[in-house]
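Just so you know, the protein sequences line up as chains B and Y, in that order.
The first sequence begins at 40 in my numbering and counts up by one.
The second sequence begins at 40 in my numbering and counts up by one.
The beta carbon of each residue, even a glycine, is placed where N, CA and C say it ideally should be.
What follows is a single structure, written as structure tokens, with notes after it.
2 protein chains.
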Amino acid sequence: MARPDSPGAAETRSDVQQRLDRAFNPRTVAVVGDKRAMGYLWLRSMSTFQGKLYSVQIDPDEIPGIEELGVPNFASLLDIPDEIDYVVCAVPRQVSPRVVADCIEKGVGAVTLFTSGFAETETEEGIRLQEEIGQMARQAGLLLIGPNCMGIYNRRLGLRHSWEQPAGDAGNVGFISQSGTHCINFSLVGDRHGIRCSKNVSFGNAVVLDAADYLEYLADDAETEVIGIYMEGAQDTRRFFRALRETARVKPVVVWKGGVTAAGARAIYSHTAALATAPAVWDAAMRQAGAVQAESLDETIDAVKALVYCKPGSGYRMGLIAMTGGQSVVITDDFEREGLEVPLLTAASYEKLSQFFNIIGGSYRNPLDSGGTIGWGLLPQNLEKLLGVLDEDETVDAIAMEVGAGFLARRMRENPGILDALLDTMTAHRERSQKPFIAIAHPGHLEDVSAMIRSRLLERGIPPFASFQAGARALRRAIDYWRFREGLD
Amino acid sequence: MARPDSPGAAETRSDVQQRLDRAFNPRTVAVVGDKRAMGYLWLRSMSTFQGKLYSVQIDPDEIPGIEELGVPNFASLLDIPDEIDYVVCAVPRQVSPRVVADCIEKGVGAVTLFTSGFAETETEEGIRLQEEIGQMARQAGLLLIGPNCMGIYNRRLGLRHSWEQPAGDAGNVGFISQSGTHCINFSLVGDRHGIRCSKNVSFGNAVVLDAADYLEYLADDAETEVIGIYMEGAQDTRRFFRALRETARVKPVVVWKGGVTAAGARAIYSHTAALATAPAVWDAAMRQAGAVQAESLDETIDAVKALVYCKPGSGYRMGLIAMTGGQSVVITDDFEREGLEVPLLTAASYEKLSQFFNIIGGSYRNPLDSGGTIGWGLLPQNLEKLLGVLDEDETVDAIAMEVGAGFLARRMRENPGILDALLDTMTAHRERSQKPFIAIAHPGHLEDVSAMIRSRLLERGIPPFASFQAGARALRRAIDYWRFREGLD
């Protein structure tokens with residue numbers, strides 16, 4: 040009985056959690072059924088695994104290719120002369136019950152069924168097979184992940200879903216996903232955004248272990264500081280909501296829900312056989328739990344980025360710096376549209392600003408239109424003053440700054456020293472100030488420069504966003520979470 | 040009296056339009072007051088101008104630099120031995136009345152006052168000067184553009200705001216902007232998205248010519264097929280709404296409104312001294328006029344792209360193709376969230392699909408999860424079948440397709456022939472089908488590949504978008520416009 044909440048469950052939460060800990064941190068891994076037609080997806084992905092890797096394959100045509108990869112192959116899991124902590128199974132669905140039986144007999148920590156073709160196909164055979172393997176695993180207390188999923192990614196240990204995923208260094212963001220695509224994309228795209236994953240899991244049809252099991256595990260996991268989730272539907276919705284409430288009290292959880300529209304609900308059934316929850320019920324539960332909601336991969340990554348990189352702050356009043364008058368209007372609209380405020384500053388701030396602001400050509404009410412002071416002249420000492428004024432102003436809770444639009448991007452490409460100087464100033468501000476601080480570098484027409492600027496900002500620990508709207512939305516979500524933690528909402 | 044609607048206006052609409060036509064298509068241009076400190080912004084930008092270019096500058100320190108650029112310089116507009124169709128004036132605000140007087144005496148077609156420091160500064164001196172030059176121009180019937188703006192961009196003639204703007208070839212999209220930044224960015228960023236501008240104008244404080252004048256001009260302009268507008272506030276709101284109604288009847292107009300929030304309204308006053316219109320009033324007027332609304336530069340560009348590249352269609356029912364099950368859920372949610380529909384297909388379609396769809400691993404209800412047929416196998420003949428089924432299905436009004444996510448992007452980089460084959464198939468579909476057709480290539484973690492794919496799609500005349508949401512939103516807006524034109528809404 041792997042489900043601690045099932046009637047008559049024999050195991051406590053901590054039993055499951057301990058065994059999940061073995062699966063998430065394996066010393067030995069076996070891949071069953073990898074083959075050339077899949078490009079040896081699994082064995083190649085596991086090439087970075089820091090423990091011992093074994094293969095199980097009986098097809099004589101496949102074995103030489105596996106041995107070329109340097110992985111010892113066996114005809115059965117039971118033949119491996121080692122304890123096995125974690126198994127990935129990629130055999131055809133008809134064969135999967137036999138592999139599950141072997142896993143039970145071998146006493147493995149957990150098995151991921153990559154195999155699809157179960158309940159999500161809505162076929163009699165698929166549904167029957169899913170019930171069969173589920174029952175086998177539950178009766179034996181085997182942790183079964185999936186089927187129809189990618190299983191566990193542990194970046195530090197090099198246990199991967201794909202040979203493109205980063206490996207070898209530690210991360211602090213966990214991701215739980217009902218979709219393999221989104222799970223991999225979160226790790227790959229997130230890495231470009233400075234998000235290093237700790238432990239991820241793609242769990243597919245959730246026949247034995249459900250989202251709540253993984254969430255409880257990551258809630259307790261010391262290296263995981265922020266959690267992202269892609270969910271289509273929990274097997275036990277109440278239990279998922281409860282786990283979410285408990286987790287959000289100790290670390291931020293960003294939840295991206297798939298299948299919120301009518302046709303989307305139809306699509307999730309075809310995908311993972313998940314049943315839809317009414318959007319209003321879901322929304323209310325998320326709010327009560329203090330979860331951060333997101334509507335896409337990009338929004339999930341942006342919210343996680345704000346939560347990871349910003350110092351926490353619970354006020355909505357923004358101090359904004361834009362590069363031109365036109366952008367001052369747009370940044371203001373975009374932040375106010377997301378429910379943040381753009382107040383007038385204090386008289387003391389205006390007095391300081393008027394001392395060095397050139398009144399002709401730039402406004403400095405808020406946003407500060409820095410075209411006349413740093414944009415055209417690109418003077419870091421002026422930026423230092425602007426940031427200093429906003430940091431000291433008590434009507435400002437958080438700060439957002441445009442970097443590198445248009446002509447400025449071009450100048451930064453021509454003269455990298457300009458960017459270095461601005462980054463130094465921004466870094467000093469970030470260290471000094473206790474207010475959340477984000478930067479926006481729109482791709483514009485010089486996408487390569489903008490990407491370079493965003494990457495340099497990340498190196499300095501300053502979260503960059505590709506549009507005012509994305510930055511405003513992410514910051515609003517982060518602030519909402521920090522308010523929840525402070526008991527303000 | 041340049042304002043045809045002012046009381047006692049002596050001019051008809053066609054008088055103003057004829058003179059604007061001279062300014063938008065000048066044979067001769069003079070730049071007054073360009074200088075080294077501005078990097079000779081204007082003279083360098085005009086280096087591509089296909090007519091005659093003159094400079095007016097009296098500062099002896101500045102003249103050698105101007106002559107080095109090969110531009111003949113004069114001490115006064117009146118000294119130029121040629122008729123002048125269009126003048127750009129970049130002198131300090133105090134000097135601007137004298138230049139305006141010279142323009143009047145010279146009989147120039149129009150003058151753009153790049154100079155800022157007028158009503159937008161909310162200073163007595165700025166407001167007084169703006170009134171003075173406005174009165175001078177109106178009394179003399181001089182077309183004054185601005186002040187506090189960039190004036191006219193004509194790509195075909197090489198008349199530019201910036202030396203980065205494309206020049207020499209014709210375009211079919213006009214842009215009218217109260218902000219110089221947004222006007223330039225629309226042309227630069229738009230160009231990356233396959234949008235070639237015909238005639239753009241940045242008009243700033245609108246003291247004499249107002250947005251409606253430019254709109255009426257572009258409405259009649261044969262080479263302009265789609266119009267984009269960035270507006271903060273019209274001087275004469277009723278007249279602007281009327282011009283918009285008349286224009287939208289003959290060509291699409293996409294309107295991006297700045298200053299829609301409370302703090303945004305404050306920012307527009309500091310920027311162009313424009314007064315805010317209540318958002319509800321604005322919104323109702325836009326709907327009545329049949330204008331397409333957008334909330335950012337990106338959204339404006341995306342809507343224009345859909346209008347330029349798609350065959351028109353007035354139905355909301357989408358046929359969707361995604362690359363994985365996870366993306367099938369997300370594309371469905373994103374299109375339904377934008378008010379488009381994702382219906383079940385006809386029985387005839389499902390019969391055709393079942394003949395070649397591998398039931399295990401991919402769903403084909405709608406979206407078609409093409410992972411099993413084209414994603415993994417990358418077989419263009421299968422894509423041709425999928426597109427053919429959606430094209431023939433009478434429940435499908437428009438088609439959207441994911442291209443090049445994740446592993447597929449990687450394979451396209453490794454083997455460009457895969458992309459060529461898919462593009463050939465998509466191009467043949469685009470030519471055959473009468474339904475609107477868009478593609479989505481998310482940046483993912485291989486941003487360079489994704490950018491390359493989008494650029495290749497544009498070459499084939501297929502509009503690419505960087506996210507499902509952006510594509511859905513743009514297509515919804517285009518369909519709404521086509522419905523308006525058909526009298527359906």
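- For residue 380 of chain B, there is no enclosing beta strand (DSSP E), as DSSP gives it neither H nor E.
- Within the stretch 333 to 370 of chain B, complete beta strand (DSSP E) segments of at least 3 residues are found at 357 to 361, given in chain order.
- Within chain B, the C-beta atoms nearer than 9 Å to that of residue 227 of chain Y come from 445, 483, 484, 485, in chain order.
- Per DSSP, residue 190 of chain Y lies in no alpha helix (DSSP H); the unbroken beta strand (DSSP E) holding it starts and ends at 190 to 193.
- Rounded to the nearest angstrom, the gap between the Cα atoms of residue 439 of chain B and residue 449 of chain Y is 35 Å.
- Rounded to whole angstroms, the separation of the alpha carbons of residue 339 of chain Y and residue 306 of chain Y is 20 Å.
- Using a CB distance cut-off of 8 Å, residue 271 of chain B counts as an interface residue toward chain Y.
- Per the Cβ contact rule, the stretch 345 to 364 of chain B is in contact with the stretch 424 to 434 of chain B (3 or more Cβ pairs under 8 Å).
- Beta-bridge annotation (DSSP): residue 112 of chain Y is paired with Y/94.
- DSSP places residue 503 of chain Y within a strand segment (E or B) once states are collapsed to three.
- Assignment of residue 238 of chain B by DSSP, reduced to helix, strand and coil, places it in the strand class.
- Between the alpha carbons of residue 522 of chain B and residue 291 of chain B lies a distance of about 11 Å.
- The DSSP-derived three-state label of residue 198 of chain B is strand.
- By the Cβ test, the stretch 257 to 275 of chain Y is not in contact with the stretch 108 to 126 of chain Y, since fewer than three Cβ pairs between them sit closer than 8 Å.
- Take residue 510 of chain B, set aside five residues on each side of it, and the residues of its chain with a beta-carbon closer than 7 Å to its own are 439, 477, 479, 504, in chain order.
- With respect to the 8 Å criterion, residue 268 of chain B and residue 246 of chain B are not classified as neighbours on the basis of their beta carbons.
- Residue burial is scored here from C-beta neighbours: residue 526 of chain B has fewer than 16 other C-beta atoms within 10 angstroms and is therefore classed as exposed.
- Relative to residue 240 of chain Y, the option among Y/350, Y/56, Y/223 whose CA is nearest is Y/223.
- The residue among Y/97, Y/95, Y/63, Y/212 with its C-alpha nearest the C-alpha of residue 88 of chain Y is Y/63.
- At least one CB atom of chain B sits nearer than 8 Å to the CB of residue 335 of chain Y.
- Rounded to whole angstroms, the separation of the alpha carbons of residue 160 of chain B and residue 314 of chain B is 14 Å.
- When C-alpha distances from residue 138 of chain Y are compared across Y/226, Y/102, Y/441, Y/95, the shortest belongs to Y/95.
- A straight line joining the alpha-carbon of residue 494 of chain B with that of residue 486 of chain B spans about 12 Å.
- Residue nearest to residue 433 of chain Y within the set Y/473, Y/254, Y/467, Y/403 is Y/473 (criterion: CA-CA distance).
- Counted as a single uninterrupted DSSP element, the alpha helix (DSSP H) harbouring residue 309 of chain B occupies residues 301 to 311.
- Taking every protein chain shown into account, the CB of residue 170 of chain Y has fewer than 16 other CB atoms within 10 angstroms, so this residue is exposed.
- For residue 442 of chain Y, no beta strand (DSSP E) run applies, since DSSP gives it neither H nor E.
- When CB distances to chain Y are screened at a threshold of 9 Å, the residues of the stretch 196 to 208 of chain B falling below it are 201, 203, in chain order.
- Of the candidates Y/70, Y/85, Y/91, Y/204, the residue whose Cα lies closest to the Cα of residue 97 of chain Y is Y/70.
- With at least 16 other beta carbons inside 10 angstroms of its own, residue 296 of chain B counts as buried.
- When C-alpha distances from residue 112 of chain Y are compared across Y/203, Y/250, Y/92, Y/140, the shortest belongs to Y/92.
- When rounded, the separation of the alpha-carbon atoms in residue 82 of chain Y and residue 108 of chain Y is 8 Å.
- In the three-state reduction of the DSSP assignment, residue 408 of chain Y falls in the strand class, which pools E and B.
- In the displayed model, residue 424 of chain Y falls within a helix according to three-state DSSP.
- Put simply, the backbone Cα of residue 394 of chain B is about 20 Å away from that of residue 468 of chain B.
- If you compare the alpha carbons of Y/420, Y/378, Y/369 with that of residue 405 of chain Y, the shortest gap goes to Y/369.
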